[in-house]
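Enquirer: Okay, handing you the structure first.
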Amino acid sequence: MAPMSARITGWGRYAPERVLTNADLEKLVDTSDEWIRSRTGIRERRVAAPHETTATLAAVAGKRAIAVAGLEPDDVDLILVGTLTPDYWMPSTAALVKEAIGNTRAAAFDVMAACSGFVYAYATADAFIRAGTYRNVLVIGAELLTRFLDFSDRNTCILFGDGAGAVVVSASDEEGGGMAGMEMTTDPDGAYMIWLPSGGSKSPPSSETIRRGEHYVRMEGKETYRYATKTLATSALKAIERAGWDPGEVDLFIPHQANIRIIESVAKGLGLPMDKMFVNVDRYGNTSAASVGIALAEAVDSGRVQLGDKIVFVAFGAGFTSGAAAVTWTADPLHGKRADSVVPTASVRAPVDWDSVDPMPARLMAVLAERDGVQVPLDDVVPGEPEPAHREVLA
Ligand code: ACO
1 MAPMSARITG WGRYAPERVL TNADLEKLVD TSDEWIRSRT GIRERRVAAP
51 HETTATLAAV AGKRAIAVAG LEPDDVDLIL VGTLTPDYWM PSTAALVKEA
101 IGNTRAAAFD VMAACSGFVY AYATADAFIR AGTYRNVLVI GAELLTRFLD
151 FSDRNTCILF GDGAGAVVVS ASDEEGGGMA GMEMTTDPDG AYMIWLPSGG
201 SKSPPSSETI RRGEHYVRME GKETYRYATK TLATSALKAI ERAGWDPGEV
251 DLFIPHQANI RIIESVAKGL GLPMDKMFVN VDRYGNTSAA SVGIALAEAV
301 DSGRVQLGDK IVFVAFGAGF TSGAAAVTWT ADPLHGKRAD SVVPTASVRA
351 PVDWDSVDPM PARLMAVLAE RDGVQVPLDD VVPGEPEPAH REVLA
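Per the numbering used here, numbering of the sequence shown is gapless, rising by one per residue and ending at 395.
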């Protein structure tokens with residue numbers, strides 16, 4: 001039987017301990033801390049350790065969300081992982097996560113919508129629950145982008161970081177709450193504005209594709225920026241309109257954390273002050289599909305979201321895709337404490353007769369090795385005030 005509503009009951013995040021600062025990047029490419037901060041708002045980002053993979057990051061965030069929801073792993077009926085950096089092309093990362101969290105009964109699949117992956121997966125979960133097909137869906141956005149970056153390309157390597165964010169969406173027999181309106185768009189005009197050329201059927205991997213560096217993310221920054229500022233505002237407005245709300249009624253926006261200037265421009269476009277926008281891009285960089293999930297979990301755990309609040313998730317990404325969801329928050333933020341009991345590690349079973357090569361880019365390892373010990377445990381990350389973009393850059 002179809003439930004009365006589909007509500008977010010659990011949330012969780014995970015980011016690797018190792019921090020890559022702008023000063024580290026100065027040693028790798030011709031850039032500066034000042035340039036990166038003023039053009040993007042990013043101060044630092046996280047880099048996964050060699051033993052971590054997208055599935056292990058996802059599993060920790062997922063276990064935390066399940067604990068916060070007050071559920072056991074086997075209560076989950078469906079696992080969705082939004083990612084553009086899967087462990088393998090097959091099996092799905094969601095299948096690996098299922099085993100890693102100790103679930104024996106869920107269906108599991110990945111959602112490929114680049115940075116919009118978390119919002120698309122959340123919309124999918126909502127639809128399955130409202131149709132009465134499933135009662136508890138685990139939605140995860142997880143990325144390990146540092147393994148797909150060319151650390152000699154200053155246009156891309158300064159932007160991205162690793163991490164995972166998750167929610168549990170559950171059927172409720174109470175009316176109201178959960179997703180009140182949503183919007184998803186895909187505009188293939190932008191297909192080659194941000195893309196990863198080789199490794200797929202159009203250009204299978206070979207020594208030639210590797211020589212050309214086609215296994216790394218490529219991006220037309222300016223075009224992507226233009227699209228993002230336009231689409232984030234219009235997608236958010238559509239979702240808000242479908243919810244029957246006014247933009248001024250929204251308590252908090254959780255936008256995709258790509259660039260502080262993009263977030264500021266969305267706030268301006270919607271005629272809202274920046275304190276309505278949750279920002280943590282300064283500490284994580286762009287974690288693609290993980291970004292909205294990480295930001296949401298951090299917003300709730302830091303007291304920025306209260307019972308009954310109207311919040312809006314909004315993201316854009318390669319494709320070009322965009323997605324927005326207007327959500328009425330119904331979970332007790334104090335339940336976030338339940339995640340403390342979850343050990344922040346996960347292991348994914350390795351194949352029997354195959355040993356992967358060292359996954360870390362050599363240039364990145366060399367820089368990180370220069371300053372051992374600069375690792376920040378996740379729980380020491382205190383959400384701080386984001387730095388505003390420099391006015392002269394915005395003008
Ligand atoms: N350090 C120093 N200088 C740099 C760097 C760098 N890291 N990168 C570029 N520059 C230089 C450029 O070469 C250029 O120099 P020139 O004027 O001599 O030619 C100058 O800085 C200005 O470059 P712009 O590209 O005009 O800089 P802009 O202000 O547009 O900022 C940025 C670039 C940050 C990439 C911006 O365009 C942006 O944020 N775009 C959106 C990116 C994004 O969000 N991507 C994620 C997509 S989502 C997904 O699905 C993964």
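From the three backbone atoms N, C-alpha and C, an ideal C-beta is built for every residue, glycine too.
Return yes when the C-beta of Thr224 is under 7 Å from any heavy atom of the ligand ACO, and no when it is not.
Expert: Under cutoff, so the answer is yes.
Enquirer: Based on the DSSP secondary-structure assignment, which residues constitute the bridge partners of Asn136?
Expert: BP columns for Asn136 point to Ser170.
Enquirer: If I measure Cβ to Cβ from Asp251 and keep anything under 7 Å in the same chain, skipping five residues before and after, which residues do I get?
Expert: Around Asp251: Asp309, Lys310 and Ile311.
Enquirer: Let's test the definition: count the other Cβ atoms within 10 Å of the Cβ of Thr422 and tell me whether it reaches 16, buried, or not, exposed.
Expert: Because the chain here runs from 1 to 395, residue 422 falls outside it and cannot be looked at.
Enquirer: At a cut-off of 7 Å, is Thr40 close to the ligand ACO when judged by its beta-carbon and the heavy atoms of the ligand?
Expert: Checking the Cβ of Thr40 against the ligand ACO gives yes.
Enquirer: Please name the residue, chosen from Tyr14, Ser5, Thr186 and Thr53, that lies closest to Ala290 on a Cα-to-Cα basis.
Expert: Checking every option, the nearest Cα to that of Ala290 belongs to Tyr14.
Enquirer: Which partner residues of Ala228 appear in the DSSP bridge assignment?
Expert: Paired residue(s): none; Ala228 is not in a bridge.
Enquirer: Find out if the Cβ-Cβ distance for the pair Glu174, Ser288 is shorter than 8 Å.
Expert: For Glu174 and Ser288, no; Cβs fall outside 8 Å.
Enquirer: To the nearest angstrom, report how far apart Pro361 and Gly62 are at their CA atoms.
Expert: Their Cα atoms are separated by approximately 27 Å.
Enquirer: With DSSP collapsed to three states, give me the class of Gly373.
Expert: Annotation note: pLDDT 49 at Gly373 (below 50); position unreliable, coordinate value reported separately. Here Gly373 sits in coil by DSSP.
Enquirer: Spatial neighbours of Thr31 within its chain, please: C-beta separation below 7 Å, excluding the five flanking residues on both sides.
Expert: Here the set comprises Leu25, Arg154 and Ile158.
Enquirer: Is there contact between the region 293-303 and the region 123-131, where contact requires at least three CB pairs shorter than 8 Å?
Expert: No, they do not touch.
Enquirer: Scan the region 220-279 and note each continuous beta strand (DSSP E) run of 3 residues or more that stays entirely inside, going in chain order.
Expert: Within the region 220-279, the complete beta strand (DSSP E) runs of at least 3 residues are 252-255.
Enquirer: Roughly how many angstroms lie between the CA atoms of Arg147 and Lys268, to the nearest whole one?
Expert: About 34 Å.
Enquirer: Rounded to whole angstroms, what's the CA-CA distance from Pro188 to Gly317? Just pull it up for me.
Expert: Each residue's Cα considered, the two are about 11 Å apart.
Enquirer: Are the CB atoms of Phe118 and Val139 nearer to each other than 8 Å?
Expert: Yes, Cβ-Cβ distance for Phe118 and Val139 is below 8 Å.
Enquirer: Which ranges would you report for the alpha helix (DSSP H) in the region 279-328 if only whole runs of at least 4 residues count?
Expert: Whole alpha helix (DSSP H) segments, 4+ residues: 281-284 and 291-301.
Enquirer: Can you tell me whether Glu183 is buried or exposed? The criterion is at least 16 other CB atoms within 10 Å of its CB, across all chains shown.
Expert: That one is buried.
Enquirer: Rounded to the nearest angstrom, how far is the Cβ of Tyr227 from that of Gly190, given a contact under 8 Å?
Expert: Going by Cβ atoms, the distance from Tyr227 to Gly190 rounds to 6 Å, so yes, they are a contact pair.
Enquirer: For Gly303, which of Val367, Asp332, Thr321 and Ala108 has the nearest alpha-carbon?
Expert: Nearest C-alpha to Gly303: Asp332.
Enquirer: Leaving out the 5 sequence neighbours to the left and right, which residues in its chain are closer than 6 Å to Glu220 when beta-carbon positions are compared?
Expert: If we look at Glu220 and ignore the five residues flanking it on each side, its Cβ neighbours are Met193.
Enquirer: Determine the DSSP secondary structure at Leu78, reduced to helix, strand or coil.
Expert: It is a strand residue.
Enquirer: Is Ser235 close to the ligand ACO? I mean its beta-carbon at under 7 Å from any heavy atom of the ligand.
Expert: Because no heavy atom of the ligand ACO lies under 7 Å away, the Cβ of Ser235 does not count as near it: no.
Enquirer: Smallest Cα separation from Ile8: which of Ala100, Asp77, Ser170 and Arg64?
Expert: Considering only alpha carbons, the answer is Ser170.
Enquirer: If you compare alpha carbons, which of His215, Val266 and Lys27 is closest to Lys230?
Expert: Checking every option, the nearest Cα to that of Lys230 belongs to Val266.
Enquirer: Less than 7 Å between the CB of Arg304 and some heavy atom of the ligand ACO, yes or no?
Expert: Result no, Cβ not under 7 Å from the ligand ACO.
Enquirer: Comparing alpha-carbon positions, which option in Glu223, His215, Arg218 and Phe253 lies nearest Ala233?
Expert: Ranking the options by Cα distance to Ala233, first place goes to Phe253.
Enquirer: Since Arg261 and Gly41 are thought to touch, with beta carbons under 8 Å apart, how far apart are those beta carbons, to the nearest angstrom?
Expert: Indeed, because the Cβ distance is near 7 Å, the residues count as touching under 8 Å.
Enquirer: Drop a sphere of 10 angstroms on the beta-carbon of Ser206, count the other beta-carbons inside from all chains shown, and report buried for 16 or more, exposed for fewer.
Expert: That one is exposed.
Enquirer: Of the choices Glu241, Arg242, Asp77 and Gly165, whose alpha-carbon is the least far from that of Asn286?
Expert: When only C-alpha atoms are compared, the closest one is Gly165.
Enquirer: Quick one: what does DSSP say Val19 is sitting in, helix, strand or coil?
Expert: The answer is strand: DSSP assigns Val19 an E or B state.
Enquirer: Could you check whether the Cβ of Ala258 sits closer than 7 Å to any heavy atom belonging to the ligand ACO?
Expert: Yes, Cβ of Ala258 sits closer than 7 Å to a heavy atom of the ligand ACO.
Enquirer: Taking just the CA atoms, how far does Val357 sit from Gly200?
Expert: The straight-line gap from Cα to Cα measures roughly 20 Å.
Enquirer: Locate the alpha helix (DSSP H) running through Val111, then write down its first and last residues.
Expert: Premise fails: Val111 lies in the beta strand (DSSP E), Ala107 to Val111, not in any alpha helix (DSSP H).
Enquirer: Met112 and Ala325 - do their beta-carbons sit closer together than 8 Å?
Expert: No, the pair does not count as a contact, with Cβ atoms beyond the cut-off.
Enquirer: Quick one: any contact between the region 210-219 and the region 335-351, if contact means 3 or more CB pairs under 8 Å?
Expert: Contact fails: fewer than three Cβ-Cβ distances are below 8 Å.
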